[in-house]
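Peer 1: Dropping the structure in here first, questions after.
Chains as they are written, first to last, in our numbering: chain A, 1 to 222; chain B, 1001 to 1476.
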């Protein structure tokens, strides 16, 4: 399977689209837009998983796809939108690093991922290699978002989008045991629930979802 | 009939379900102790089984001593927790959540230690993280929320990297594995020599940074002191005594797989670099701490660094020293947290400046804590002296220049610890503000831990040392 064949091309396209959405997440200025971009990424991830299920003939991947769609494209974005409305957070996301700088950092990280993964996996099938490279880019961009955003919900979405990258990696490796995908998906849901509880409680104690308000409690409190 | 290792994992989780339904503090604390005691008996029973796999679990010389250690520390911590929890002023929801999370955490620890499947191992560490985040946040003060948030975010990131490493490992071995063996550690190790070396290298880097985060290694260590400073103090004891060990063993399992391939990068220098950086940073940071629990949290970073350095040197002698160091650290550090917990309740503060002269005000506590801090500083005759000496010896043979740096870190940390020891235990006593609860339930675990650390340091039972020697050979 290589370039020019439908299974490869479509898988590559979907993986690339997931990565593209990671970049979209980086330059959104409003929280609602960040959540919508994340939901789109979740839906694309579900499509990528389902396509891999079809190509590999692995029925289990359809379950993964369904879980990804249900949790990441529907439930979590819905819950986050409600959270934003409830606490009246319709304002900017206030990145700690400028949009331009974070885009450049994002491009650098994606390039880094390609340079690291492609030579290191030279022995494997082309699709698996490129899938891993794309997935690592998504993981790193998720990490970048966690670092460069001060807003709590943006940080949570950074973590969730990072987990999207993991699922993308897992579905791309043919024959990956299903147990793991299921548990990954379930745990992501739990992570979000707990993070949501956190966010809620912080909303009560600080009247703000800005992690800067937590900084005074850091370390020795000097 | 369920295999015994599975029972070891599921029993605490059943206990957690029962504890979630118990609103009364005294009843819940007693049931918690009972569950921990039965787990301890189960752990002893594991020693009678032949080594090998039972589906997704595996018992071998590497994990058995750590399962026994974990269940022992869990039991003494449950006793300590029962005696000190009344002062936390929990409502019934928090009593349920705290005890439930405690047992979920323990079950996840046993699962992480016993699992043969790397996917299951990852899930176990993740569950342990979630349970401990809940316990750290249980007070819901701003400082607790900040600590829990940092813990959650950094460990979430670390653990995601570990999963990526696991996926890479599988992708390297996938063509050589049959469908059933999946992510089995034994199967991966068997085929590792025929895998692609570059992919294994890449996988190891992710696994090291990922699980290294949970083991408190620099550079992703900063959750550790904060998490140790918040929540009921029993949590600090199990975080340092259990969680760090489970994460370090995960790194060692990864090292054993990658090391089985002749052409992979030498993984030792990675471990040595992270270990040495942890020791040096911690030895400086210890001088600036004002909060007692944060201080000893930093000391945990130092000790995990020493163990990582030992495993980085590799070879039977250094590996044995590293394993002994992890065991000694767990025993002594949890004893310290028991003592600090009681002292902080008496003085109504966990600031170092507010705790002084413990030997004058409460001799059994004061001397116990003094001995424990001396032991963690590496003074003879406790186990940590023997293991630190062995690590330094191995370092001098293998890497003389790095041994100098390591010795510098050890001496700096030791002087910081002795300095704190003098301030806490000697000098003029600060006034007690609150009556403390039952003395026996704190002092018996503290002195028991010290006695075990002393026994292992002077005369290790031969069955235990033969286990550890076999384990040291396994990780290469």
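C-beta: ideal position from N, C-alpha, C; glycine also.
1) Ignore the nearest five residues each way along the sequence and tell me which others in residue 1143 (chain B)'s own chain have a CB closer than 7 Å to its CB.
2) In whole angstroms, give me the CA-to-CA distance for residue 108 (chain A) and residue 1129 (chain B).
3) Name the chain A residues whose beta carbon is nearer than 9 Å to that of residue 1174 (chain B)?
4) Can you tell which of B:1168, B:1394, B:1158, B:1029 has the C-alpha that lies nearest to the C-alpha of residue 1504 (chain B)?
5) Out of B:1236, B:1080, B:1105, B:1359, point me to the one whose CA is closest to residue 1425 (chain B)'s CA.
6) For residue 169 (chain A), return the contacting residues in chain B, with the cut-off set at a CB-CB distance below 7 Å.
7) Pick helix, strand or coil for residue 1230 (chain B), following the three-state DSSP scheme.
8) Hey, is the region 1175-1192 of chain B in contact with the region 1211-1221 of chain B, meaning 3+ C-beta pairs nearer than 8 Å?
9) Report the residues of the region 52-70 of chain A with a CB closer than 7 Å to any CB of chain B, ordered along the chain.
10) Helix, strand or coil for residue 131 (chain A)? Go by DSSP, reduced to three states.
11) Cβ of residue 207 (chain A) less than 7 Å from any chain B Cβ?
12) Whole angstroms is fine: what's the gap from residue 222 (chain A)'s alpha carbon to residue 1269 (chain B)'s?
13) Hey, would you say residue 25 (chain A) sits closer than 7 Å to residue 37 (chain A), going by beta carbons?
14) What are the residues that DSSP puts in a beta bridge with residue 1351 (chain B)?
15) Looking at residue 1135 (chain B): is its Cβ nearer than 7 Å to the Cβ of residue 1235 (chain B)?
16) Alpha carbon to alpha carbon, how far is residue 53 (chain A) from residue 1402 (chain B)?
17) In whole angstroms, what separates the C-alpha of residue 1075 (chain B) from that of residue 1111 (chain B)?
18) Examine the Cβ distances between the region 1014-1023 of chain B and the region 1098-1113 of chain B and report whether three or more of them are shorter than 8 Å.
19) Among A:83, A:86, A:101, whose alpha-carbon lies nearest the alpha-carbon of residue 148 (chain A)?
20) Any beta carbon of chain B sitting closer than 7 Å to that of residue 13 (chain A)?
21) Leaving aside the five residues before and after residue 1007 (chain B) along the sequence, list all residues of the same chain whose C-beta is less than 7 Å from its C-beta, in chain order.
22) Any chance you could list the beta strand (DSSP E) runs of at least 3 consecutive residues sitting entirely within the region 1022-1055 of chain B, in chain order?
23) Using CA coordinates, which residue listed in A:5, A:9, A:22 is at the minimum distance from residue 135 (chain A)?
24) Determine contact between the region 1309-1321 of chain B and the region 1257-1272 of chain B, defined as no fewer than three beta-carbon pairs at a distance below 8 Å.
25) Of all Cβ atoms in chain A, is any one closer than 7 Å to the Cβ of residue 1199 (chain B)?
26) How about residue 1370 (chain B) and residue 1440 (chain B): do their beta carbons lie closer than 7 Å?
27) I need the DSSP call for residue 1058 (chain B), collapsed to helix, strand or coil.
28) What does the alpha-carbon distance come out to for the pair residue 1350 (chain B) and residue 1293 (chain B)?
29) Applying a beta-carbon distance threshold of less than 7 Å, which residues of chain A neighbour residue 1110 (chain B)?
30) Flag this pair as yes or no: are the beta carbons of residue 1317 (chain B) and residue 1387 (chain B) separated by less than 7 Å?
31) Strictly below 7 Å CB to CB, what residues from chain A border residue 1160 (chain B)?
Peer 2: This is what the structure gives:
1) 1230
2) 31 Å
3) 124, 128, 173, 174, 175, 176
4) Residue 1504 (chain B) cannot be examined here, being either before or after the span of chain B that is shown, 1001 to 1476.
5) Ranking B:1236, B:1080, B:1105, B:1359 by Cα distance to residue 1425 (chain B) puts B:1359 first.
6) Simply 1164, 1167.
7) coil
8) no
9) none
10) helix
11) Low confidence applies here, because residue 207 (chain A) scores a pLDDT of 47, under 50, leaving its location unreliable and the question unanswered by this model.
12) Model confidence at residue 222 (chain A) stands at a pLDDT of 38, short of 50, so the residue's coordinates are unreliable and nothing is read from them.
13) yes
14) B:1291
15) yes
16) About 51 Å.
17) 17 Å
18) yes
19) A:101
20) no
21) 1042.
22) With a minimum length of 3 residues, the continuous beta strand (DSSP E) runs that stay inside the region 1022-1055 of chain B are 1052-1054.
23) A:22
24) yes
25) Interface residue, yes.
26) no
27) Of the three classes helix, strand and coil, the one that applies to residue 1058 (chain B) here is strand, per DSSP.
28) 7 Å
29) Ordered by position in chain A, no residue passes the 7 Å Cβ test against residue 1110 (chain B), which lies about 17 Å from the chain.
30) no
31) 139, 162, 163, 166
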